[in-house]
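Here the structure comes first, spelled out in structure tokens, and everything after it is commentary.
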Amino acid sequence: MGNGSKLKVEICLGTTCFILGASELQDLAQYLEPELLDRVDIVGRTCLGFCKDRKFDGAPFVRLDERVVIERATVTRVTEKIKAMLKEKDAE
Amino acid sequence: MPSMNNAAERVRRELLIRVIRGELDGTLDQEIDRIPIVMRPSDQPASRCCVYKDRAVLKYRLMGILGFGVEDETDEAKPLREYLAEARLRREPPREVLSVAPVACYGCIESHYVITNACRACFARPCTFSCPKQAITVGPKQAEIDHSKCIDCGKCTTVCPYKAIIRVPIPCEEACPTGAIRKDESGREWINFDTCISCGKCLKACPFSAVLERSQIIEVIRAMKEGRRVVAMVAPAIIGQFPATLEQLAEGLRMAGFSDMLEVASGAELTARNEAKEFFERMERGDHLMTSSCCPAYVEAVRKLIPEMKKFVSDTPSPMGYSGRLAKEQDPECVTVFIGPCVAKRKEACSDPNVDYVMTFEELGALFAAREINLGTLEGLKLKREADPYARGFGAGCGVTAAILHEMSGGEGQTPPRIDGKLINPLDRKNMRLLKLHALGKLPGNFLEVMACEGGCVGGPCALVDAEKGGAAVRKLAHEE
Ligand code: SF4
Ligand code: SF4
Ligand code: FES
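This is the structure in structure tokens:
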């Protein structure tokens, strides 16, 4: 995989996600341990599209490696999931 | 630090989105009494003792969004749709802006001092000797405080070799600069509106989210639905609150139902100019002091609790006051809505005929979300950006003094008086005492900029991002231009 097989972390910074908590997720990089930080690629997105059709309940959304969607994301939950997915990757 | 009130904040915002969306769609009558049930279904774990309590708290929060306080509840069985019907008819926004929900208030412990199980019931028992009221006795396992005797002096905490005695604060009381929020005999908190300055610090401090804001959102939506020209007067502190540029915000506001965006920074310019002039005049006539007046929580504090200071508070209208005037001069028929991070501005607006309603950044965010407006993807309206960069700095601490200094350096030939400015921020108990001393002329300084919130308005109780980040954004834009 490109990018040295880094785990892609997409943080939704669309308005809905932003006011329902993503304003804090913006700083995710600050909370990750350096070893983890080296292995992820954090990008901000304007609306991942999950909030449409009035399904805002799950916001804020974070997507990992284009396949795993975390609903009601918090720094802690995202960090845990990142660790788990990196472990999976290592096992592969 | 991610803010501790995360869960509470999220619930508050989710409720706002649901109410706004329902009211815009015209379906709120049927939905509103179901919102607590939809948000707290019985098959999911409760965040308080049980889902029923969770729902009861949500009901009070919804009452707040409709503009009602707990004090307005006469019949517990009255459904929310009846409150909604009353809110739609209301012509005057509520005069009190906060309330405390009884079921949500956990009733934090009475006494501040508690002996933890780190206590070894030691032989020396320094705590019993240090206590001036003999409130501590040592049992076989642990020492105990007789709370009827304890006077909260805290002497015992310093002498225990195990550091077993701790002070447990009551967060809302600790945060309140005036002592307005207090317990009744049953342990629940009430706000005494004779001394409350509407600063909103208790709202931010309560970890149970028991303090409610009384919103005016129903009125704002009504004005939009009636097809009125609704002008959004955005506070300087808005920069950095949303992931968007000022241009994108202007377009988003238009899509949300406002007719125009008016930057309160342009009102701030007038405030700075006239406040500088007023400062000259006051110094010339021999006053030893003048203070800013743009923070309504501070002005309330003076009115209610520091009467000595009254004659030194500037008479110049606040940026919000000037902006309202500008908007109404252009179109007396328009509806003016101030949008900021502030609870106290709601109070100020009550006595300003040019400001019809006040919304918070949080409520604006919910309006964007309810309308599915995604600011980041908008192209943005062309703005003139005519506000003076100094005026934009009003939202952050020291901004007022800087703007006035800038005005003074403009120089009209006369030599300006020496300005010895001091920033009093935030408004806490210690600074309340300092203000008294300043009023009596016992401290140096001839100009005081007073802001109730930590870091200035960017640290306001209804800001969306933390004060540090918001402040940096405000200062950045102020300097860029
Ligand atoms: S709004 Fe401010 S003054 Fe009023 S009770 Fe709360 S903390 Fe105290
Ligand atoms: S500092 Fe600003 S946000 Fe805080 S109470 Fe005063 S005017 Fe309102
Ligand atoms: S704003 Fe995040 S998914 Fe749309």
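Going line by line, the protein sequences match chains V and Y.
According to the numbering used here, the residues represented by the first sequence are 1 to 92, in order.
According to the numbering used here, the residues represented by the second sequence are 93 to 573, in order.
We put the beta carbon where it would ideally sit given N, CA and C, even for glycine.
Please read all numbers here as calculations on a predicted model, not as lab measurements.
Skipping 5 residues on each side, what residues in its chain have a beta carbon closer than 7 angstroms to that of residue i?
i: M347 (chain Y); result: R463 and I465
i: R77 (chain V); result: I70
i: F160 (chain Y); result: Y175 and R306
i: R212 (chain Y); result: Y254
i: K6 (chain V); result: R39, V40 and D41
i: I207 (chain Y); result: Q234, A235, E236, I237, A256 and I257
i: Y414 (chain Y); result: G359, L362 and T363
i: D146 (chain Y); result: R132, A138, S139 and R140
i: V580 (chain Y); result: In this structure chain Y extends from 93 to 573, so residue 580 (chain Y) is not present and cannot be described.
i: E455 (chain Y); result: L108, S307 and I309
i: C51 (chain V); result: G14, T16, C17 and A59
i: L470 (chain Y); result: Q340, E343 and G344
i: P94 (chain Y); result: Per-residue confidence for P94 (chain Y) stands at a pLDDT of 42, beneath the threshold of 50, marking its modelled position as unreliable; no derived number is given.
i: C245 (chain Y); result: P224
Can you check whether the CB of residue j is closer than 7 angstroms to the CB of residue i?
i: E343 (chain Y); j: L475 (chain Y); result: no
i: G468 (chain Y); j: T46 (chain V); result: yes
i: K437 (chain Y); j: F430 (chain Y); result: yes
i: L519 (chain Y); j: P269 (chain Y); result: yes
i: P60 (chain V); j: L20 (chain V); result: yes
i: P411 (chain Y); j: A360 (chain Y); result: yes
i: A49 (chain Y); j: I310 (chain Y); result: No answer is possible for residue 49 (chain Y): it lies beyond the span of chain Y, which begins at 93 and ends at 573.
i: L535 (chain Y); j: F453 (chain Y); result: no
i: G432 (chain Y); j: A327 (chain Y); result: yes
i: Y449 (chain Y); j: V303 (chain Y); result: no
i: P128 (chain Y); j: L150 (chain Y); result: yes
i: I331 (chain Y); j: A565 (chain Y); result: yes
i: R173 (chain Y); j: D135 (chain Y); result: no
i: V542 (chain Y); j: T383 (chain Y); result: yes
i: E281 (chain Y); j: V192 (chain Y); result: yes
i: P553 (chain Y); j: G292 (chain Y); result: yes
i: I112 (chain Y); j: A458 (chain Y); result: yes
i: G416 (chain Y); j: V391 (chain Y); result: no
i: K8 (chain V); j: D65 (chain V); result: yes
i: V356 (chain Y); j: M325 (chain Y); result: yes
i: A368 (chain Y); j: E499 (chain Y); result: yes
My output table needs one value for residue i: the three-state DSSP class, helix, strand or coil.
i: C12 (chain V); result: strand
i: D146 (chain Y); result: helix
i: V43 (chain V); result: strand
i: Y205 (chain Y); result: strand
i: V323 (chain Y); result: strand
i: M96 (chain Y); result: Legend: pLDDT at M96 (chain Y) = 40, less than 50; position of this residue unreliable, value from coordinates given subsequently. If DSSP states are grouped into helix, strand and coil, M96 (chain Y) belongs with coil.
i: I313 (chain Y); result: helix
i: D121 (chain Y); result: helix
i: V447 (chain Y); result: coil
i: L20 (chain V); result: helix
i: K534 (chain Y); result: coil
i: V195 (chain Y); result: coil
i: D90 (chain V); result: helix
i: M131 (chain Y); result: helix
Skipping 5 residues on each side, what residues in its chain have a beta carbon closer than 6 angstroms to that of residue i?
i: A315 (chain Y); result: V322 and V427
i: E168 (chain Y); result: none
i: G513 (chain Y); result: T493 and F539
i: N523 (chain Y); result: I516
i: K241 (chain Y); result: K225 and A227
i: K247 (chain Y); result: S222
i: A100 (chain Y); result: S301
i: L473 (chain Y); result: E339, A342 and E343
If contacts are defined as beta-carbon pairs under 8 angstroms, then residue i and residue j qualify, I think. What distance do you get, rounded to the angstrom?
i: G562 (chain Y); j: Q333 (chain Y); result: 6 angstroms
i: T16 (chain V); j: A461 (chain Y); result: 4 angstroms
i: I262 (chain Y); j: C294 (chain Y); result: So it is not a contact: roughly 10 angstroms between Cβ atoms.
i: L533 (chain Y); j: H380 (chain Y); result: At residue 533 (chain Y) the sequence reads Gly, which differs from the Leu that was named. Confirmed, about 5 angstroms.
i: F300 (chain Y); j: C197 (chain Y); result: 6 angstroms
i: G58 (chain V); j: R67 (chain V); result: That belief does not hold up - the Cβ atoms of G58 (chain V) and R67 (chain V) are roughly 16 angstroms apart, past 8 angstroms.
For residue i, collect the residues of the same chain with a Cβ closer than 8 angstroms to its Cβ; drop the 5 residues on either side in sequence, then sort them by chain order.
i: T229 (chain Y); result: T220, A235, E236 and D238
i: D407 (chain Y); result: E370 and S385
i: D83 (chain V); result: Residue identity differs from the one stated: residue 83 (chain V) is Lys in this sequence, not Asp. Around K83 (chain V): L36.
query: Which residues, in order along the stretch 12 to 28 of chain V, keep a beta-carbon less than 7 angstroms from a beta-carbon of chain Y?
result: Interface annotation for the stretch 12 to 28 of chain V against chain Y: L13, G14, T15, T16, F18, I19, L20, G21, S23 and E24, criterion Cβ-Cβ distance under 7 angstroms.
- prompt: the stretch 71 to 86 of chain V: which residues have C-beta closer than 9 angstroms to a C-beta of chain Y, in chain order?
  reply: Among the residues of the stretch 71 to 86 of chain V, those with a Cβ less than 9 angstroms away from any Cβ of chain Y are R72, T74, V75 and T76, in the order of the chain.
- prompt: Which residues, taken in chain order from the stretch 550 to 566 of chain Y, show a beta carbon closer than 9 angstroms to some beta carbon of chain V?
  reply: Listed by position, the residues of the stretch 550 to 566 of chain Y near chain V (Cβ gap below 9 angstroms) are L556, V557, D558 and K561.
- prompt: Of the residues that make up the stretch 112 to 139 of chain Y, which ones have a beta carbon closer than 8 angstroms to any beta carbon in chain V?
  reply: Flagged, chain order: R113.
message: For the stretch 453 to 471 of chain Y, list every residue whose C-beta sits within 8 angstroms of some C-beta in chain V, in sequence order.
response: For the stretch 453 to 471 of chain Y, which is checked against every Cβ of chain V, the residues closer than 8 angstroms are E454, G457, A458, F460, A461, E464, I465, N466, L467, G468 and T469.
query: When you check each C-beta in the stretch 185 to 219 of chain Y against every C-beta of chain V, which residues fall closer than 9 angstroms?
result: Residues are counted here when their Cβ sits less than 9 angstroms from a Cβ of chain V; for the stretch 185 to 219 of chain Y the count is zero.
message: Output needed in chain order: residues of the stretch 55 to 71 of chain V with a Cβ under 7 angstroms from some Cβ in chain Y.
response: Answer in chain order: F56.
field: Within 9 angstroms of chain V by C-beta, residues of the stretch 334 to 361 of chain Y in sequence order
entry: For the stretch 334 to 361 of chain Y, the set of positions with a beta-carbon nearer than 9 angstroms to some beta-carbon of chain V reads F334, P335, A336 and G344 in chain order.
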